[in-house]
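Number of protein chains: 2
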Amino acid sequence: MNDSKKAVILLSGGLDSATVLAIAKSQGYECYTVSFDYGQRHRAELEAAAKISQESGAKQHKVVAINLADFGGSALTDKAIDVPINSPEGIPITYVPARNTVFLSLALAWSEVLGANDIFIGVNAVDYSGYPDCRPEYIDAFERMANLATKNGVEGVGLNIRAPLIHMSKAKIIELGVILGVDYRKTVSCYQADEKGAACGVCDSCRLRRQGFKEACVEDMTVYR
Amino acid sequence: MNDSKKAVILLSGGLDSATVLAIAKSQGYECYTVSFDYGQRHRAELEAAAKISQESGAKQHKVVAINLADFGGSALTDKAIDVPINSPEGIPITYVPARNTVFLSLALAWSEVLGANDIFIGVNAVDYSGYPDCRPEYIDAFERMANLATKNGVEGVGLNIRAPLIHMSKAKIIELGVILGVDYRKTVSCYQADEKGAACGVCDSCRLRRQGFKEACVEDMTVYR
């Protein structure tokens, strides 16, 4: 055993979570990355996540299969619902029911087995204001629940849910990532990326990403099809 | 559409959750039952759950596969750890990391798609005092988090996590279940039931169950091997 402090990092393969992994690494954590195969359309993300994890020197990478598509209800998993180009006000149709809650719960299970006290997640309240499970009050409530749910919370030093991007704009995230050496060409953000990871350029996620590079004055090397 | 109020019921196939299903039904809910195939050793439970759901007249039954065994760390999923006959003080080795959190999160996802405002879970703080995620303060914290996590919580009438057995002894649960017509022969509680559901009679779960029937003065029809 060494003295490293362990952290579980939710790694989707997108721009945000790749930046979060770089942040955790820069803070000296031994990183355990986890991706979820939840029936999402944009499966190129999963391959991107595995590569990003490996190249970052993470200790271990896990892909957990969980069939959220079976429940239906989102454009990201339900093929009967089109991915919109511009979302209307309110909660977007790309919102996957309870997604962050399911993902954080599984990360919590792994963190308990590993003896990790920190879970990192790349949620963002600025660009994803329509998603209830991206808000600070949600993250705080999850952390409180997690500390009542687990051995570590009850007997140990407690558990932290870390959401370092929560108040950052996309441009700020990109600026920070560039400083930390994130290679954004390897990340996939598009809701309907093709099998090689090439982006559509028009969905909400592509639009936010493109604008972020522009505002950060960083060259956008994303491959658009 | 009829006027039924919908509820999602976590149904393991054991004594407690079968009673909870009967309670929800008696309260007029349209019941959607969900079981989890999480690599548990006692797989006869899953078959019991499907039968119990069907016979109760539940609207739908789902089995969600989620590989908690992949994380390790519990005698219930990890074959390298023996199921103990008598648990020592503290958190038992049969505790599965973050199990109820993972299960409730998935039930939350389904409830959101269904438009159900109630999730029923058969946790019990009396017999399972060693499990952190069976305590009332945990259930309250989960409910609070769930109401911040979801569309329904944010825009709708809110979500209730119902744990009607939480303060009941096993004997009280059995007494109530008998009144509601639960056929306990169909339930499987044993941590190491054989493929036909026959119980070992000596694990913690069998011991609690046997004692419950005795205290309730109800004949124990459990098949022991």
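Protein sequence lines, in the order shown, are assigned to chains A and B. For what it's worth, numbering that gives the first Met the number 0 labels the leading residue of the first sequence as 0, then goes sequentially. For what it's worth, numbering that gives the first Met the number 0 labels the leading residue of the second sequence as 0, then goes sequentially. Beta carbons are placed, not taken as given, at the ideal position from N, Cα and C, and that holds for glycine.
Answer yes or no: does any C-beta atom of chain A fall closer than 9 Å to that of residue 0 of chain B?
Legend: pLDDT at residue 0 of chain B = 42, less than 50; position of this residue unreliable, no value from coordinates given.
Whole angstroms is fine: what's the gap from residue 219 of chain A's alpha carbon to residue 42 of chain B's? 51 Å
Next item on the list: Could you pull out every residue in the same chain whose Cβ sits closer than 8 Å to the Cβ of residue 209 of chain A, ignoring the five residues on either side in sequence?
Entry: 200, 219 and 221
* Member of A:27, A:34, A:177 and A:206 whose CA lies at the smallest distance from the CA of residue 5 of chain A -> A:27
Who are the neighbours of residue 152 of chain B on chain A, taking C-beta pairs under 8 Å? 131
Next item on the list: Taking only beta-carbon positions, decide if residue 123 of chain A is within less than 9 Å of chain B.
Entry: no
- [ ] Kindly say whether residue 119 of chain B, judged by its beta-carbon, lies nearer than 9 Å to any beta-carbon of chain A.
- [x] no
Exercise. So, is the C-beta of residue 156 of chain B closer than 9 Å to a C-beta in chain A?
Worked result: no
* Report yes or no: is there a C-beta of chain A within less than 9 Å of the C-beta of residue 116 of chain B? => no
Task: Assigned exposure category for residue 184 of chain B - 16 Cβ within 10 Å defines buried - done: exposed
Q | Residues sharing a beta bridge with residue 159 of chain A, DSSP | A | A:117
Item to complete: Could you tell me the distance, in whole angstroms, from the CA atom of residue 0 of chain A to the CA atom of residue 131 of chain B?
Response: Note that residue 0 of chain A scores a pLDDT of 42, beneath 50, so its modelled location is shaky; the value from the coordinates is reported in the next line. If I take the Cα positions, the gap works out to 27 Å.
Handout entry: Short Cβ contact (9 Å threshold) for residue 65 of chain A with residue 37 of chain A
Key = yes
DSSP state of residue 179 of chain A mapped onto helix, strand, coil
coil
Outcome for residue 166 of chain B when other beta-carbon atoms lying within 10 angstroms are tallied against a minimum of 16 = exposed
**Prompt:** Within the 9 Å Cβ cut-off, does residue 148 of chain A reach chain B?
**Reply:** yes
Query - Contacts of residue 104 of chain A in chain B (Cβ-Cβ under 7 Å) - result: 97, 100, 101 and 104
Practice prompt. May I have the straight-line CA-CA distance separating residue 141 of chain A from residue 35 of chain B, to the nearest angstrom?
Written response: 22 Å
Closest Cβ-Cβ distance between residue 107 of chain B and chain A: below 9 Å?
-> yes
| message | Any beta carbon of chain B sitting closer than 9 Å to that of residue 58 of chain A? | response | no
Going straight from the alpha carbon of residue 174 of chain A to that of residue 50 of chain A, what length do you get? 22 Å
When DSSP builds the beta bridges, which residues end up paired with residue 198 of chain B?
B:223
Does DSSP classify residue 110 of chain A as helix, strand or coil?
helix
key: Test item: CB-CB of residue 178 of chain A and residue 160 of chain A under 9 Å   = no
_Segment contact flag, the region 102–109 of chain B with the region 140–159 of chain B, C-beta cutoff 8 Å, min 3 pairs_ = yes
* Sorted by chain position, which residues of the same chain lie with C-beta nearer than 6 Å to residue 162 of chain A's C-beta, five sequence neighbours on each side aside? -> 120, 122 and 138
Query raised in the report: Listed from N- to C-terminal order along the chain, which residues in the region 157–186 of chain A have their beta-carbon within a distance smaller than 7 Å of any beta-carbon of chain B?
Result: none
- Specify, as a first and last residue, the run of the beta strand (DSSP E) that residue 235 of chain A falls within. Past the edges of chain A, shown from 0 to 224, lies residue 235 of chain A, and the structure says nothing about it.
**OP:** For residue 112 of chain B, count neighbouring Cβ atoms within 10 angstroms of its own Cβ and tell me buried if that reaches 16, exposed if not.
**Re:** buried
**Item:** residue 95 of chain B (DSSP reduced to helix, strand or coil)
**Value:** coil
Going by beta carbon distance, what residues of the same chain come within less than 6 Å of residue 169 of chain A, once the five residues before and after it are set aside? 126, 207 and 211
Looking at chain B, is there any beta carbon in it that lies within less than 9 Å of the beta carbon of residue 67 of chain A? yes
* **Contacts of residue 63 of chain B in chain A (Cβ-Cβ under 8 Å)** => 65, 66 and 69
Exercise. For my contact list, residue 187 of chain A and residue 196 of chain A are in at a C-beta cut-off of 8 Å; report their separation, rounded to the angstrom.
Key: 5 Å
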